[in-house]
Amino acid sequence: MINSYYKTTVPINQLFQKAFDTLAQYDYAEAAAFFEEAFRYDPYRLEAHYILAIHFAAVNDTGRFKEHFFICCNIDPAYSEVQADASPVDEVIRFYYGCARRGSAMITIDF
Numbered sequence: 012m013i014n015s016y017y018k019t020t021v022p023i024n025q026l027f028q029k030a031f032d033t034l035a036q037y038d039y040a041e042a043a044a045f046f047e048e049a050f051r052y053d054p055y056r057l058e059a060h061y062i063l064a065i066h067f068a069a070v071n072d073t074g075r076f077k078e079h080f081f082i083c084c085n086i087d088p089a090y091s092e093v094q095a096d097a098s099p100v101d102e103v104i105r106f107y108y109g110c111a112r113r114g115s116a117m118i119t120i121d122f
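According to the numbering used here, the stretch in the sequence shown is residues 12 to 122, in order.
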């Protein structure tokens with residue numbers, strides 16, 4: 012019973028890898044169960060929240076985008092700062108935020 016709750020790093024990494032592979036090959040609906048299980052063991056996996064934030068921004072799912080983006084900001088406050096060297100997530104945020112401010116139909120973000 013205890014082994015079902017506690018997992019070592021290797022099985023958790025395998026769960027996240029399966030989730031990422033399924034997301035890349037299919038869509039989030041197919042990968043959701045894998046992400047849910049993986050996050051149960053490691054809810055603060057920054058890389059996973061980062062990838063999901065970008066994925067949901069790309070598919071115009073504002074609610075889920077904000078959820079994962081703000082988790083990234085809570086884990087690492089640097090994600091909430093606009094930096095000159097601009098990490099990929101900053102570029103995505105700036106792009107979509109700029110589209111929303113210009114009235115583009117792409118996505119609406121309420122910060």
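Every residue gets a Cβ at the ideal spot worked out from N, C-alpha and C, and that includes glycine.
No experiment lies behind these values; they were computed from the predicted model shown.
| request: Provide the residue span of the alpha helix (DSSP H) that contains Asn85, from first to last. | output: Here residue 85 is taken as the residue at index 74 of the sequence shown, counted from 1. Thr73 to Ile86 is the extent of the alpha helix (DSSP H) around Asn85.
| field | Chain-order list of residues whose beta-carbon lies under 7 Å from that of Ile82 (same chain, five-residue window excluded) | value | Numbered from its first residue, the sequence shown carries residue 82 at position 71. Taken in chain order, the residues that qualify are His60.
| Taking buried to mean at least 16 other C-beta atoms within 10 Å of its own C-beta, is Ile43 buried or exposed? | Counting from 1 along the sequence shown, the entry for residue 43 is found at position 32. Checking the sequence, you will find Ala at residue 43 rather than Ile. Exposed.
| task | Compute the Euclidean distance between the alpha carbons of Asn85 and Arg75, then round it to the nearest angstrom. | result | Position 74 of the sequence shown, counting from 1, holds the residue named residue 85. Position 64 of the sequence shown, counting from 1, holds the residue named residue 75. If you take the alpha carbons of Asn85 and Arg75, they lie about 15 Å apart.
| Close Cβ partners of Phe80 (< 6 Å) along its chain, the five nearest in sequence each way excluded | Numbered from its first residue, the sequence shown carries residue 80 at position 69. Same-chain partners within the cutoff: Ala64.
| request: Can you tell me which of the three DSSP states Thr33 falls into? | output: Position 22 of the sequence shown, counting from 1, holds the residue named residue 33. Of the three classes helix, strand and coil, the one that applies to Thr33 here is helix, per DSSP.
| said: Are the CB atoms of Leu26 and Glu48 within a distance shorter than 8 Å? | reply: Position 37 of the sequence shown, counted from the first residue, corresponds to residue 48. Position 15 of the sequence shown, counted from the first residue, corresponds to residue 26. Cβ atoms of Glu48 and Leu26: closer than 8 Å.
| Cβ neighbour criterion (16 or more within 10 Å) applied to Arg51 | Your numbering for residue 51 matches position 40 in the sequence shown. Exposed, since its Cβ has fewer than 16 Cβ neighbours within 10 Å.
| said: By the DSSP assignment, the alpha helix (DSSP H) with Arg51 in it spans what residues? | reply: Taking the sequence shown and counting its residues from 1, one reaches residue 51 at position 40. It spans Tyr39 to Tyr52 - the alpha helix (DSSP H) in which Arg51 sits, taken as one unbroken run.
| query | Just to confirm, are Leu57 and Asp32 a CB contact at a threshold of 8 Å? | reply | Locating residue 57 in the sequence shown gives position 46, where the first residue counts as 1. Locating residue 32 in the sequence shown gives position 21, where the first residue counts as 1. Not in contact: Leu57 and Asp32 (Cβ atoms no closer than 8 Å).
| request: Note down, in chain order, each residue of its chain lying with its Cβ closer than 7 Å to the Cβ of Phe67, except the 5 sequence neighbours on either side. | output: Sequence index remark: in the sequence shown, residue 67 carries index 56 (1-based). For Phe67, where only same-chain residues beyond five positions count, the Cβ hits under 7 Å are Arg75, Phe76 and His79.
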